[in-house]
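First comes the structure, then the notes that go with it.
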Amino acid sequence: MARTLEAAALVATALCLSSLLGFAYGHEKLDVVGKVFCDTCRVDFETKVSYGLADSKVRLECHNRTSGALTLSAEAVTDKTGEYRLEVEGDHEEEICEVQLIESSEPECSSLLEGAVHNARVALTNKNGVAQPARFANALAFAKKETLADCAQVLLEMGVLPPGLGQ
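In mature numbering (1 follows the signal peptide of the UniProt record, and there is no 0), the protein residues as written are -26 to -1, 1 to 141.
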């Protein structure tokens, strides 16, 4: 009986150690998740009349902090809700990584607002206290060429426009 317990303990120890080796030598995989939307009010944030842009393209690029050299480049296409997911291998702690807009799927919603931010920085490392593998990028927007007629009322309801200005 003692011999059986000894053998079981030995097997359990071996399994624990082998799982630690796999963890130590395993490749990090992180998912960059984000959304591309159509800014129908040309205000550079989502409103109730904004919508996700399906089949639009984004690019993730990482650059060395010191030299600026490109270390990673990957593209993704948004799904029917305007969301995208990019799987990234390896740790990019010492790099600056950003998702940027590449191409809108809708010609009528393909403008980039002047002065707006057209990229979203993401931290691609497990050494920053975030336990889950998903890294969420801020939503990015292409804008309609012309503002929708409903926008004044929508912005008034949101409290963005002072009363009387939106009429």
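Even for Gly, the Cβ is constructed at its ideal location relative to N, Cα and C. This one's a predicted model, so the numbers in the text were calculated from it and none came from an experiment.
query, result
"Beta bridge counterpart(s) of N38 as assigned by DSSP", "E69"
"Helix, strand or coil at E20 [DSSP, three-state]", "coil"
"Inter-residue spacing [alpha-carbon to alpha-carbon] between K9 and A94", "11 Å"
"Beta bridge counterpart(s) of D13 as assigned by DSSP", "A117"
"Residues bridged to G8 (per DSSP)", "Y58"
"Per-residue burial, T52 [other beta carbons within 10 Å of its own, 16 or more giving buried]", "buried"
"Distance between I70 and A105 (C-alpha atoms, nearest Å)", "20 Å"
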